[in-house]
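Residue numbers (the working numbering): 55 to 253.
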Amino acid sequence: MNAAERLIAQHGIAQVSSRRIAEEAGNTNHSAVAYHFGSREGLLQQMVERQVSELEPRRAAMIDALGDDGEIIDYVRATVLPMTESLGALPQPSWRARFIRQALADPAIGHLFDEDPLLAPSLRRVARILHTRLSHIHPDVINGRFTLMAHMITAACATYEERISEHPEQADWSATGRFLTDAAAGLVSAPDTSGMTSA
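Next up, the structure:
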């Protein structure tokens with residue numbers, strides 16, 4: 055999976071064949087992807103599940119620790135930091151954030167991914183809390199901001215990962231996480247000028 059992650063991060067999903075992935079992984083059997091994962095889509099699905107399985111427990115633990123008593127920025131932090139912590143713990147240079155960006159942007163495999171970030175259990179809980187705290191803002195606006203926040207975090211992490219790839223020793227994912235937390239909290243709680251009225 056690591057070879058596939060790097061190739062897709064560099065070239066995009068459509069440009070990377072199963073044969074090329076097998077060759078990059080040092081496997082002379084060009085059917086290795088099908089043998090191990092059933093299909094190319096099976097490989098991609100497992101790559102996504104690997105990422106989700108790393109993030110969800112950490113997010114759930116942070117949200118559990120807050121209960122219902124945290125501030126908006128606390129719940130946003132619980133959404134952001136598991137991502138940046140996970141990326142910071144990877145061997146450097148890493149390719150994970152750029153793979154996720156490529157995957158989310160590819161319409162041919164969109165059905166493999168949760169396009170709606172609210173589908174993850176921990177994020178559904180955060181969304182419910184935000185709806186309660188921001189009851190003066192129309193629910194559709196809050197949902198739109200939450201979706202935008204998820205894409206913003208992914209894109210920003212991918213851009214940062216790419217920028218530090220030649221000098222990974224300079225990476226500071228902790229600072230990146232704090233910056234994104236502040237930006238995302240501002241996004242979700244900003245004044246609403248859409249004209250939509252909350253029920």
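By construction, the Cβ of each residue, glycine as well, lies at the ideal position given by its N, Cα and C atoms. Just so you know, these numbers come straight off a predicted model, no measurement behind them.
Go ahead and label residue i buried or exposed: buried means 16 or more other beta carbons lie within 10 angstroms of its beta carbon, across all protein chains shown.
{"i": "TYR89", "result": "Its pLDDT being 46, under 50, TYR89 is placed unreliably in this model, and the value from its coordinates should be taken loosely. TYR89 should be labelled exposed."}
{"i": "THR230", "result": "buried"}
{"i": "MET30", "result": "Limits of the chain in this structure are 55 at one end and 253 at the other, which puts residue 30 out of reach."}
{"i": "GLU59", "result": "buried"}
{"i": "ARG179", "result": "buried"}
{"i": "ALA63", "result": "buried"}
{"i": "ALA204", "result": "buried"}
What whole-angstrom Cβ distance do residue i and residue j have, given they're in contact under 8 Å?
{"i": "THR235", "j": "ILE154", "result": "Actually they are not in contact, since the Cβ atoms of THR235 and ILE154 sit about 19 Å apart, beyond 8 Å."}
{"i": "ALA225", "j": "GLN146", "result": "7 Å"}
{"i": "PHE336", "j": "ALA181", "result": "Residue 336 falls outside the range modelled here, since the chain spans only 55 to 253, and no answer is possible."}
{"i": "ILE126", "j": "SER243", "result": "5 Å"}
In the DSSP assignment, the alpha helix (DSSP H) including residue i goes from what residue to what residue?
{"i": "SER243", "result": "227-243"}
{"i": "VAL180", "result": "175-187"}
{"i": "PRO222", "result": "Looking at the DSSP string, PRO222 is not in any alpha helix (DSSP H), and its letter there is neither H nor E."}
{"i": "ALA132", "result": "126-142"}
{"i": "HIS192", "result": "Segment: none, HIS192 is in no alpha helix (DSSP H) and carries neither H nor E."}
{"i": "GLN156", "result": "150-159"}
{"i": "ALA58", "result": "56-65"}
Which residue wins for smallest C-alpha separation from residue i, given the options the options?
{"i": "ALA115", "options": "GLN146, ALA225, GLU95 and ALA132", "result": "ALA132"}
{"i": "GLY142", "options": "HIS65, GLU215 and GLY66", "result": "GLU215"}
{"i": "MET137", "options": "MET250, PHE233 and VAL195", "result": "PHE233"}
{"i": "ARG152", "options": "LEU61, ALA244, PRO161 and TYR129", "result": "LEU61"}
{"i": "LEU177", "options": "LEU97, LEU135, ALA63 and HIS65", "result": "LEU135"}
{"i": "MET206", "options": "ILE191, ALA238, LEU109 and ALA244", "result": "ALA238"}
{"i": "THR247", "options": "ILE191, ALA57, ASP123 and ALA174", "result": "ILE191"}
{"i": "GLU103", "options": "ARG150, GLY66 and VAL195", "result": "ARG150"}
{"i": "SER219", "options": "ILE117, GLY240, PRO161 and SER148", "result": "SER148"}
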